[in-house]
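Down below is the structure, laid out as structure tokens.
2 protein chains.
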Amino acid sequence: MLAIDTRRSVRRGRNKAEASSAVRPISPGMFGGRYRPLSQSEMERIHALVLQLLADLGLSQVTPSLEARAVAAGCHVDDAGRLRFPRALVEDVIARTRRKFTLHGIDPAHDIEIAAGRVHTGTGGAAPTIMDFHSGKYRESTVADLYDIARLVDRMDNIHWYHRSVVARDTNTILDLDINTTYACLSGTTKSIAVSYTDSASVRAVIPMLDAVAGGEGKFRERPFCTAVCCHVVPPMRFATESCDALEAAVEAGMPILLVAAGQAGATAPAALAGAVAQACAEVLAGLVLCNIIDPNCRGIFATWPFVSDLRTGAMSGGSGEQALLSAACAQMAGFYDLPNSVPAGMTDSKLPDMQAGGEKGYTISLAAHAGASMIHECAGMQGSLMGTSFESYVLDNDLIGAILRTVKGIEVSEDTLSFDVIRDVVLGEGHYLGHPQTFARMKTDYLYPGIADRRSISAWEDAGARDARDVARDKVQKILGEHYPSHIAEDVDRKLRDNFNIILPRTRMFAGNGTW
Amino acid sequence: MLAIDTRRSVRRGRNKAEASSAVRPISPGMFGGRYRPLSQSEMERIHALVLQLLADLGLSQVTPSLEARAVAAGCHVDDAGRLRFPRALVEDVIARTRRKFTLHGIDPAHDIEIAAGRVHTGTGGAAPTIMDFHSGKYRESTVADLYDIARLVDRMDNIHWYHRSVVARDTNTILDLDINTTYACLSGTTKSIAVSYTDSASVRAVIPMLDAVAGGEGKFRERPFCTAVCCHVVPPMRFATESCDALEAAVEAGMPILLVAAGQAGATAPAALAGAVAQACAEVLAGLVLCNIIDPNCRGIFATWPFVSDLRTGAMSGGSGEQALLSAACAQMAGFYDLPNSVPAGMTDSKLPDMQAGGEKGYTISLAAHAGASMIHECAGMQGSLMGTSFESYVLDNDLIGAILRTVKGIEVSEDTLSFDVIRDVVLGEGHYLGHPQTFARMKTDYLYPGIADRRSISAWEDAGARDARDVARDKVQKILGEHYPSHIAEDVDRKLRDNFNIILPRTRMFAGNGTW
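Going down the list, the protein sequences come from chains A and B. Just so we're aligned: 434 in full-length UniProt numbering is position 434 of the first sequence, and the numbers increase by one with no gaps anywhere. Just so we're aligned: 440 in full-length UniProt numbering is position 440 of the second sequence, and the numbers increase by one with no gaps anywhere.
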């Protein structure tokens, strides 16, 4: 039994997509790439260093299983035990790996096509804390938070997937964490989800859960709607042993793999930004080669996530100008390689959804988007350089991302938009464009109207209570979380999951009127 | 007698500029242009429409004086009384007008070079209201506000000029408004200033004041540190008669002229963005042709400022994605023409320095900057789509602009930044870059540290009071405005100004301890 009627949803999805591309000013997967922080020759120089790093330095601490596969494919292990990647092998993998694939939603209406240059935005992260909605104070995040954020994201048009953004601190073992994270994401949204699996046992454990939601054994593989986030390296240039095991298991299970290299410039990556970009590219490509060796049809995502250190303190700064540059340059390098990719943006250093948060999110997300990132992760909800999250931010960021995606859509230059006749008619006629047919026609196709941003006059805004954006967002959070309890997992499927897994989230928490919101 | 020792200041300015380019991560006039919303052929199509609009439609309501000059230069007036600009004349003016010039500060240390592609950021606007610092409520803006904002701007590194941002509502006549605005700007900052003169009488009236501050009769013309903001058109395609008189007077006085065409897409410019860009370019070029006819050495600034209407209400939306696109595309067109230019950005629709304001400022300013605008106006301090301003925002925006300018600086790709050896040494050695000489070397040259943005951990921030960015900015506003009273206008000069002009701002208001702050 299918938890979801796939065919009807596909049809609905297609109709929705067609309708939206006809009338909506923005849609998922628009083409970015008009911002090019690096010149062609600069990208080629970076690429030359990437190949040199993989061939002449390599990565340490590969697992025995992956070492055997890699050596069989042409790699070799040097005297220091480092796995070296011949240039030709790396270039072959870049040439033959998947250039695009469908990132499936749980509901096919949320399927998106991941390819270089096609811009999408969504969540990500592993924040250990959340700003409690009611008290406004940071506290440890829980499974229930994961579920609530999923429900919120489910209603946000410009958040194209839900990759778990907080760590469920109310679990006791890695296995319980991974099972409950997967369950909370699955049950709170019908968008594509992702979980960070650091252990192959976790991957193997959740496959039956994913199959059950997909409609039966083997069904998940047909439409893999859960991505494995794999931090397969510990920068600089070292494999993360357990994550490599998880990677191997996830590729074998047919999961899309987010191949994350998260060095920190000045600490675990060079302080010189160009070097940090090159190291990240090399580290991710090392993972991509391994994935392709395991399965040439793998769905690998080139996730160069070099972060920034504030060199005064060593602390991460997610909202800095340097971070915006690193992410944009990495998106451009992924375009150079023509690979489905991900970069981080929107990781404000601010602990509140305030002016600092808005500014830092505004320029980091827009530069990543215009550089053509296929997936912008951490793009909604994050606070405190990924150390926290807040409910209000998902709603606020969704609104901001919409406006940024409108800029990605760009300016249509055509006979129709340039028409001399329209201007002449207005200038020699009424003297204004308010009533012109072109104005009416363009109103819906070219102009995006925000859900939160306040455009009223100062006096109208004062008369309505002079509220700030955060306050307005709180209303929306409360409304959605009070009423939106997705029911795409049928009751019998859910019962089976609860029979077979140690599910912490009470079933009673999953219906309106449970007293929490 | 010079109010300022120019030679010493020039020397200090040059030394400062040299020092800063050596060590500081950002400086005024860095090269933008890596974001190109329009393709080359799209720019050529827009340009073709621009020439067609000027030649085949022209502008109405030119003044008799400018009409006579323009006809003598090759324009003609059609049967409907519209001034038509032959293509060859327009192209000649584009080819021969100044490609760059110095926008002088009152203190030469603040001189900047205005040319296509070299990015600068500063204030602008004509807000009729200000959020009172003490009550937090909007009220009518005054001469004292103009002076206080000038003092604040004087201390903000990333606000490169002070173009008056509010209207002094406590003046009774146009002449008093213009005189007092000029005086308040002049006395509150040593940066370059600008005032919107809508009347030739105002221009002629303030020249003796500008000369007095410059050091004597005829001295202002040698270093014209006050720009005339000229809204010389009433879009669509109509000259603003009185502003054209002011333009003529200002060019004759040697003032830089900000040639502003501020149509509103959907109301006074086409709703189709490409058409709005073309109309703005045509309207500004009409003004630039006239300026060049008056004086081939004029300092004209191509200020295409098409605004956006929210087509549901007709109200302006300064923070929209469409606005970001219009400004970026106009900056790119100015680059196409290779003209010193200005576009607006940072004009949030929000009435508060909140998350909405930050987000809207973040993406509009960064896209304008990366499109290579030479002057980004309204870039600091504005609220409510230019209808208001707030003291806090100047401080907050200055911080945000710094980070954005850091992204404009870009990524250095060189042997030094790419060095394989650094990565190899770290990977085979200590395993981290924290103590590497490259990290220390790059710390000051490549990394910008904000003044307001909070980068502390969540717990450190909580321990320090869990304040938001606006609250932190308030401290800085209060500190600067309580102590920073510039004294570059000597007392005897000021006395002479007060003898000759109806100066509203009391002299007693211009010293610390006056009880206001």
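From the three backbone atoms N, C-alpha and C, an ideal C-beta is built for every residue, glycine too.
At least one CB of chain A closer than 9 Å to the CB of residue i: is that the case?
{"i": "B:Ile411", "result": "yes"}
{"i": "B:Thr304", "result": "no"}
{"i": "residue 589 of chain B", "result": "Absent from the model: residue 589 of chain B. The displayed extent of chain B is 1 to 517, so no value can be given."}
{"i": "B:Thr313", "result": "yes"}
{"i": "B:Ala266", "result": "The identity of residue 266 of chain B in the sequence shown is Gly, whereas the question assumes Ala. Closer than 9 Å to some Cβ of chain A, the Cβ of B:Gly266 qualifies, so yes."}
{"i": "B:Thr417", "result": "yes"}
Does DSSP put residue i in a helix, in a strand, or in coil?
{"i": "A:Gly188", "result": "helix"}
{"i": "residue 521 of chain A", "result": "Here chain A covers residues 1 to 517 and nothing more, so residue 521 of chain A does not appear."}
{"i": "B:Gly388", "result": "strand"}
{"i": "B:Gly410", "result": "coil"}
{"i": "B:Val268", "result": "The sequence shown places Thr at residue 268 of chain B, rather than the Val named in the question. It is coil, neither helix nor strand."}
{"i": "A:Val422", "result": "helix"}
{"i": "A:Val153", "result": "helix"}
{"i": "B:Trp517", "result": "coil"}
{"i": "B:Tyr147", "result": "helix"}
{"i": "B:Glu140", "result": "strand"}
{"i": "B:Met510", "result": "helix"}
Along chain A, in chain order, which residues have C-beta atoms closer than 8 Å to that of residue i?
{"i": "B:Arg98", "result": "Correct list: empty, because the minimum Cβ distance to chain A is about 28 Å."}
{"i": "B:Gly384", "result": "Ser457, Ile458 and Trp461"}
{"i": "B:Ala403", "result": "Gly319, Ser320, Gly321, Ala324, Gly359, Glu360 and Tyr363"}
{"i": "B:Asp494", "result": "The contacting residues do not exist; B:Asp494 stays about 35 Å from chain A at best."}
Can you give the Cα-Cα distance for residue i and residue j, rounded to whole angstroms?
{"i": "A:Pro437", "j": "B:Val277", "result": "19 Å"}
{"i": "B:Ser21", "j": "B:Thr445", "result": "Note that B:Ser21 scores a pLDDT of 47, beneath 50, so its modelled location is shaky and nothing firm can be said."}
{"i": "B:Gln323", "j": "B:Ala345", "result": "8 Å"}
{"i": "B:Thr190", "j": "B:Ile489", "result": "9 Å"}
{"i": "B:Leu247", "j": "B:Val195", "result": "12 Å"}
{"i": "B:Arg495", "j": "B:Ile503", "result": "10 Å"}
{"i": "A:Ser457", "j": "B:Gly384", "result": "7 Å"}
{"i": "A:Glu392", "j": "A:Ala267", "result": "32 Å"}
{"i": "B:Val234", "j": "B:Leu290", "result": "16 Å"}
{"i": "B:Pro256", "j": "B:Ile293", "result": "15 Å"}
{"i": "A:Thr173", "j": "A:Val93", "result": "36 Å"}
{"i": "A:Gly117", "j": "A:Phe31", "result": "5 Å"}
{"i": "A:Leu418", "j": "B:Gly275", "result": "5 Å"}
Contact criterion: CB-CB distance below 9 Å. Does residue i meet it with respect to chain B?
{"i": "A:Ser243", "result": "no"}
{"i": "A:Asp199", "result": "no"}
{"i": "A:Thr123", "result": "no"}
{"i": "A:Lys476", "result": "no"}
{"i": "A:Met387", "result": "yes"}
{"i": "A:Val308", "result": "yes"}
{"i": "A:Ile112", "result": "no"}
{"i": "A:Tyr138", "result": "yes"}
{"i": "A:Arg470", "result": "yes"}
{"i": "A:Ser21", "result": "A caution first: A:Ser21 carries a pLDDT of 47, below 50, which makes its placement in the model too unreliable to give a value."}
Mind listing the chain B neighbours of residue i? Cutoff is C-beta to C-beta under 8 Å, in chain order.
{"i": "A:Asp454", "result": "Asp349, Ser350, Lys351 and Gln356"}
{"i": "A:Ser181", "result": "Correcting the residue type first, residue 181 of chain A is Thr in the shown sequence and not Ser. What A:Thr181 touches in chain B: nothing, since even the nearest Cβ is about 21 Å away."}
For residue i, go through chain A and note every residue whose CB falls closer than 7 Å to its CB, in chain order.
{"i": "B:Val422", "result": "Pro270 and Gly275"}
{"i": "B:Gln438", "result": "Pro270, Ala271 and Ala272"}
{"i": "B:Arg442", "result": "Ala271 and Ala272"}
{"i": "B:Leu51", "result": "Per Cβ cutoff of 7 Å: no residues; B:Leu51 is ~11 Å from chain A at best."}
{"i": "B:Arg36", "result": "Arg34"}
Measuring from the CB of residue i, is there a heavy atom of the ligand HEM at a distance below 8 Å?
{"i": "B:Lys351", "result": "Ligands in the displayed structure: none, and consequently the ligand HEM is not present."}
Chain E partners of residue i, CB-CB under 9 Å?
{"i": "B:Met30", "result": "Given the protein chain composition of this structure (A and B), no chain E is represented."}
Along chain A, which residues have their Cβ under 9 Å away from the Cβ of residue i?
{"i": "B:Pro236", "result": "Ile423, Val426, Val427, Gly431, His432 and Tyr433"}
Can you pull the chain B residues whose beta carbon is under 7 Å from the beta carbon of residue i, in chain order?
{"i": "A:Gly117", "result": "The contacting residues do not exist; A:Gly117 stays about 15 Å from chain B at best."}
How would you list, in chain order, the residues of chain B whose beta-carbon sits under 9 Å from the beta-carbon of residue i?
{"i": "A:Leu57", "result": "Phe420, Ile423, Arg424, Val427 and Leu428"}
{"i": "A:Thr142", "result": "Chain B residues near A:Thr142: none, gap ~17 Å exceeds 9 Å."}
List in chain order: all unbroken beta strand (DSSP E) runs of 3+ residues lying wholly within the stretch 275 to 358 of chain B.
Secondary structure remark: continuous beta strand (DSSP E) runs of at least 3 residues inside the stretch 275 to 358 of chain B, in chain order: 300 to 304 and 341 to 344.
Uninterrupted beta strand (DSSP E) stretches inside the stretch 169 to 241 of chain B (no shorter than 3 residues)
Runs found: 192 to 196 and 226 to 230.
What are the uninterrupted segments assigned as alpha helix (DSSP H) that are 4 or more residues long and contained completely in the stretch 19 to 58 of chain A, given in chain order?
Fully contained in the stretch 19 to 58 of chain A are the following alpha helix (DSSP H) runs of length 4 or more, in chain order: 40 to 52.
Can you list, in chain order, the stretches of the beta strand (DSSP E) that have 3 or more residues and sit fully within the stretch 48 to 124 of chain A?
For the stretch 48 to 124 of chain A, whole beta strand (DSSP E) runs of length 3 or above, ordered along the chain, are 100 to 103 and 112 to 115.
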